[in-house]
Each structure stands twice: as C-alpha cells, then as structure tokens.
C-alpha cells in the first residue's frame, strides 16, 4: 500500500511540474505575441502620423512617406547673413583685409564667388579643374582665403554658377554635371562650409538630375552642405507643393535668386517677389535668398533691409 501511495504522489508531482511548465511557456508565448502586436500597430500608426502631418503641411500632392524620411540624409546648413567678399579685386587690398573690414561691421558670414557667372570659368587655382579641363580666369587662393576666414571665426559660403542645364544632349549634360560635382567637392574639401549653386535654366524636368547631382557631391566628400536655386517657374507651377517637397527632401538647402532685377529698383523688386504668391515656400523651407551686390553702401543696406523687413534672415549677396 505504501508503495502504491508513493507512486501516486510521484505521478502527481510530475503532472504538477508539467502543468507549471506548460503554463509558463503559454504565458511567455502570449507576452511575445503581444509585444509583436504592439510593434506592428505602433509602426502602422507612426507611418500614418507622418503621412497625416505631411498632408497638413503640403496638401494632397505630398510625396510618399519614404520620400519625407529622406530628410534625415540632408546635411545641416547655416542661417546666413552673408556679405560679398571676392577672392581677388582690382585694388591693392588682400582677402584678409577685406575680411577685417567686414568684421568691423559685425559681419561673421561671407559670400565668396567661385566661378564666373557668364562663362563658368573658375576664380581660384583648382587642381581638379585643371585636370578635367575646366577653364580658370583668376588665380585666387581659396585655401588661403578659407584659412583666413576660419582664423577669424567666419562662415564661408561659396557661390557656384551651374550652366550645364542648358545643354540639350542628355549625355553631354550628364558629363558636365559630373565635372561640376567634382569641382564643388574639391571646394568643400578645402574647408568652404557650404556652396550655393545658381542653377540657371532650371526646369521641373531637371529636378531628378539635380538631386542626383547633390548626391554625387555627397558621395565625393563628407564635408559641407549644398544649396540649389529654385526657379520661379517651379514655385508658380500647379504642382509646386509636390515639386518643392521633393527638392527639399534631398537637397541640403534651397535658394531663390533675387539678383536679376532688370530695370526695376532692386529693393522694390525684392520686396515684390518676397510678397508674391509663393511667399509660403520661402518660409516653409527657410529658403536662402540670393541678393544683388551694389557698390553703394546705402543701396546695399536698402536691399538687405527689404529682406529683413519681411522677416527673412537667411540671405547672401552674390555678384
């Protein structure tokens, strides 16, 4: 009898252990399933939140969520108040002296032209430019200029005129864009903080090429940010919201060229453009305004005042 009772107690103990093990496994599986469920639901809600937020900002023509997420790949740029400072001038002054004059006016940001706006020839001695056949029309010392600016704690923003978009042959245009990308990568590698690219002849058809152009520069150097001017045709087009969102998602910062004022008074022209129908884009994307240069200090201050009076503090002067 005693043996029989012992066998019963043993069996109950075994069953009890098995039941406890089964319960623990079931609880663990339930917890894991619940966690997975929360992750899936959370991810779905997160994506819906991003899409809804993007829709609130840019309307029904907003890009897919994947395009918006690309903004994390952008490089940071500065809120600039950049006065013009040429690498070479016709007078006897040197670059460092021109920097000191700007510092005396409490200017900490300089806008430096890097190539000729008319023919694209470089305004500094470029090893890359010489190697790939890009003409040089000045012997400016970019290395020395950057060093002088950094010693004074000043930000250097370069201006580069891109004429390649006017080329009709897509193969030739692609080759020219690649050459320009190599030169701009060299410029950033020399310590220039950023380059504002004036993309003349830009249309909506060029957006993909310009995004790839910026990506190529990023792949060639880890330094500096790239800005691209946005044409007025894009800002006033029917699908401007979608086009601007696409550009903003892939380009470090966007610019608007206000230097071509024609026969108008510069300050009045700038004020009218800032207060036009696409004012929302200037503020939404914190666009850099490129302002015309004037030899007159009063006229230059009036031009800058036309921008600051409209609540915009991101600008640089070009020539």
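Numbering (our numbering), first residue to last: -9 to 309. Every residue, glycine too, gets a C-beta built ideally from N, C-alpha and C.
Counting only residues of its own chain and dropping the five nearest sequence neighbours on each side, residue 225 has a CB closer than 7 Å to the CB of 268, 271. The C-alpha of residue 135 is placed about 43 Å away from the C-alpha of residue 228. DSSP places residue 215 within a strand segment (E or B) once states are collapsed to three.
Under the criterion of beta carbons closer than 8 Å, residue 145 and residue 180 do not qualify as touching, at roughly 14 Å. Counting along the chain, the unbroken beta strand (DSSP E) around residue 189 starts and ends at 184 to 189. Rounded to the nearest angstrom, the Cβ distance from residue 77 to residue 177 is 12 Å, too far for a contact under 8 Å. Nearest neighbour of residue 184 by Cα position, chosen from 205, 149, 293, turns out to be 149.
Scanning its chain for C-beta atoms nearer than 6 Å, with the 5 sequence neighbours on each side dropped, one finds around residue 67 the residues 184, 215, 242, 243, in chain order.
Secondary structure at residue 250: coil, using DSSP grouped into helix, strand and coil. The segment 190 to 203 makes no contact with the segment 115 to 132, as fewer than three CB pairs between them are under 8 Å.
The straight-line gap separating the alpha-carbon atoms of residue 168 and residue 250 is approximately 27 Å.
Using a Cβ distance threshold of 9 Å, residue 211 and residue 247 do not count as a contacting pair. The C-alpha of residue 161 is placed about 30 Å away from the C-alpha of residue 280. Distances from the alpha-carbon of residue 308 to those of 186, 94, 63 put 186 closest. Between residue 200 and the set 173, 305, 154, 182, the nearest pair of CA atoms involves 154. Counting along the chain, the unbroken beta strand (DSSP E) around residue 149 starts and ends at 145 to 152. In this structure, residue 101 and residue 73 form a Cβ contact; the two beta carbons are roughly 6 Å apart against a cut-off of 8 Å. Residue 65: not part of any alpha helix (DSSP H); DSSP gives it neither H nor E.
Residue environment for residue 255: exposed (fewer than 16 other C-beta atoms within 10 angstroms of its C-beta). Counted as a single uninterrupted DSSP element, the stretch harbouring residue 256 is not any beta strand (DSSP E) but the alpha helix (DSSP H) occupying residues 256 to 264. Of the other Cβ atoms in all chains shown, 16 or more fall within 10 Å of the Cβ of residue 238; this residue is therefore buried.
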